[in-house]
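Chemist: Per the UniProt record's numbering, the very first residue in the sequence shown carries number 1; after that it's consecutive.
Beta carbons are placed, not taken as given, at the ideal position from N, Cα and C, and that holds for glycine.
Remember, it's a predicted structure, so these values are computed and weren't measured experimentally.
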Amino acid sequence: AMDGAPPPSSPAGLSAFVAVSQLLGLALLASTGAWLGRYRGGVGWHSPLQFNAHPLCMVLGMVFLQGDALLVYRVFRHEAKRSTKALHALLHGLALLIALVGECWAGRAGLPRAGCSPAGDGLFSAGIIAVFESHRTKGIPDMYSLHSWCGMATFVLYLLQVRGGKPPAPQQGRDCSTCDIPVSPQWLLGCGFFLFPGASFSLRGWYKPQHIFFGITLFILSITSCLLGITEMLLFKISDSYSHFVPEGILANTLGVLLVAFGLVVGYVLTREEWKRPPLAEELALSMDFKTLTEGESPGGGS
Numbered sequence: 001a002m003d004g005a006p007p008p009s010s011p012a013g014l015s016a017f018v019a020v021s022q023l024l025g026l027a028l029l030a031s032t033g034a035w036l037g038r039y040r041g042g043v044g045w046h047s048p049l050q051f052n053a054h055p056l057c058m059v060l061g062m063v064f065l066q067g068d069a070l071l072v073y074r075v076f077r078h079e080a081k082r083s084t085k086a087l088h089a090l091l092h093g094l095a096l097l098i099a100l101v102g103e104c105w106a107g108r109a110g111l112p113r114a115g116c117s118p119a120g121d122g123l124f125s126a127g128i129i130a131v132f133e134s135h136r137t138k139g140i141p142d143m144y145s146l147h148s149w150c151g152m153a154t155f156v157l158y159l160l161q162v163r164g165g166k167p168p169a170p171q172q173g174r175d176c177s178t179c180d181i182p183v184s185p186q187w188l189l190g191c192g193f194f195l196f197p198g199a200s201f202s203l204r205g206w207y208k209p210q211h212i213f214f215g216i217t218l219f220i221l222s223i224t225s226c227l228l229g230i231t232e233m234l235l236f237k238i239s240d241s242y243s244h245f246v247p248e249g250i251l252a253n254t255l256g257v258l259l260v261a262f263g264l265v266v267g268y269v270l271t272r273e274e275w276k277r278p279p280l281a282e283e284l285a286l287s288m289d290f291k292t293l294t295e296g297e298s299p300g301g302g303s
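1) Where do the N-terminal and C-terminal ends of the alpha helix (DSSP H) with D68 fall, by residue?
2) Put H88 into one of helix, strand or coil per three-state DSSP.
3) L28 to W206, Cα distance in whole Å?
4) Count Cβ pairs between the region 258 to 274 and the region 33 to 44 that sit closer than 8 angstroms; are there 3 or more?
5) Considering just the uninterrupted stretch of the alpha helix (DSSP H) at W35, what are its terminal residues?
6) Is T32 closer than 7 angstroms to V59 when the C-beta atoms are compared?
7) Between the alpha carbons of S10 and V72, how many angstroms are there, rounded?
8) Taking N253 as part of the alpha helix (DSSP H), name the residues at either end of that continuous run.
9) For Y158, which three-state DSSP category applies?
10) Per DSSP, what kind of secondary structure is I212 in: helix, strand or coil?
11) If we call anything under 7 angstroms between Cβ atoms a contact, is L259 one with I223?
12) Under a three-way DSSP split, which group does F43 fall into?
13) Whole-angstrom Cβ separation of V266 and S21, contact assumed at under 8 angstroms?
14) Count Cβ pairs between the region 51 to 58 and the region 77 to 89 that sit closer than 8 angstroms; are there 3 or more?
15) Is F17 near V257, with beta carbons less than 7 angstroms apart?
16) Near L146, which residues of its chain fall below 7 angstroms by C-beta distance, leaving aside the five closest residues on each side in sequence?
17) Give me the residue from L251, S148 and P141 with the minimum Cα distance to A30.
18) Apart from the five residues just before and just after A19, which ones in its own chain have a Cβ nearer than 8 angstroms to its Cβ?
19) Any idea what DSSP makes of E79, helix, strand or coil?
20) In three-state terms, what does DSSP make of L56?
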């Protein structure tokens, strides 16, 4: 672009849909907090309220933050690719941490827990482990419902989900330890396909659609698991009065509708072809250089 030229604007309608998605996201977080606070007693640890950490963490991490991570490449269309990828990975990492990690109060019971120091200070799984800890305390069997099957499958697959997009051209002698995205279990496949200098351009081009497909699929599975969990929790807690349109049931159903609406708006933004992030001129040049470096083709050569 020429110096002094105005920055390119977003396509018509994109900003409005992104704003609606964020309003829906905040509304579903507020609805989750209102449901747990008003009707389920709030959130606590080593108490009957321990289980309530699970729906709160799942809605915040696996739905809201995961949805925002998917929108990064639509919202920051004209930012540097390195910054966009870093934000995309950061939001996915936060989603994983919130689903997996919460405050550790194990020390108050004198029992060290997984992920905590023996003194009881540190990190403890709030989203996933809260369920197993609550079930163990109450003598409830684990992993018998459709919600638990879908939820655990979604979480395990999410651990393997990785960042997408073509990387910038690697510098000579640069290894995976110096890539622009830190490597962790969540990004092992990404390191192999996108970041490792030995991976070919064609292999990365093949994997990118798979990454996009599984990213959207996991987002859908996360929302589905939340809907199953809401229904399961209502049937456990208010099965006798649920059919009488009690306020708790209406609020929880509203939360389910907001989850569906959030998913639909995010999905609509992601599937609009004209709203995809256009590659910047320097990124196209780097891609051609990278293809030449890994596959020995000249920039003007055929594929």
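Modeler: Result, derived from the coordinates:
1) If you look at D68, you'll find it in the alpha helix (DSSP H) that goes Q66 to V75.
2) If DSSP states are grouped into helix, strand and coil, H88 belongs with the helices.
3) Cα to Cα, L28 sits roughly 36 angstroms from W206.
4) These segments do not touch.
5) Under the DSSP assignment, W35 falls in the alpha helix (DSSP H) whose first and last residues are L14 to Y39.
6) Yes, Cβ-Cβ distance for V59 and T32 is below 7 angstroms.
7) For S10 and V72, the distance between alpha carbons rounds to 13 angstroms.
8) Judged by DSSP secondary structure, N253 falls within the alpha helix (DSSP H) whose first and last residues are P247 to T271.
9) DSSP places Y158 in the helix class (H, G or I) of the three-state scheme.
10) Looking at I212 - three-state DSSP - the assignment turns out to be helix.
11) A contact, by the Cβ cut-off of 7 angstroms.
12) In the sequence under discussion, the amino acid at residue 43 is Val, which differs from the Phe named in the question. Looking at V43 - three-state DSSP - the assignment turns out to be coil, as it is neither helix nor strand.
13) Confirmed, about 5 angstroms.
14) Contact fails: fewer than three Cβ-Cβ distances are below 8 angstroms.
15) Not a contact, by the Cβ cut-off of 7 angstroms.
16) Closer than 7 angstroms at Cβ, skipping near neighbours: L228.
17) Nearest Cα to A30 within the set L251, S148 and P141: L251.
18) Cβ neighbours of A19 beyond the five flanking positions: none.
19) DSSP places E79 in coil when its eight states are reduced to three.
20) Residue state, collapsed to three classes: helix.
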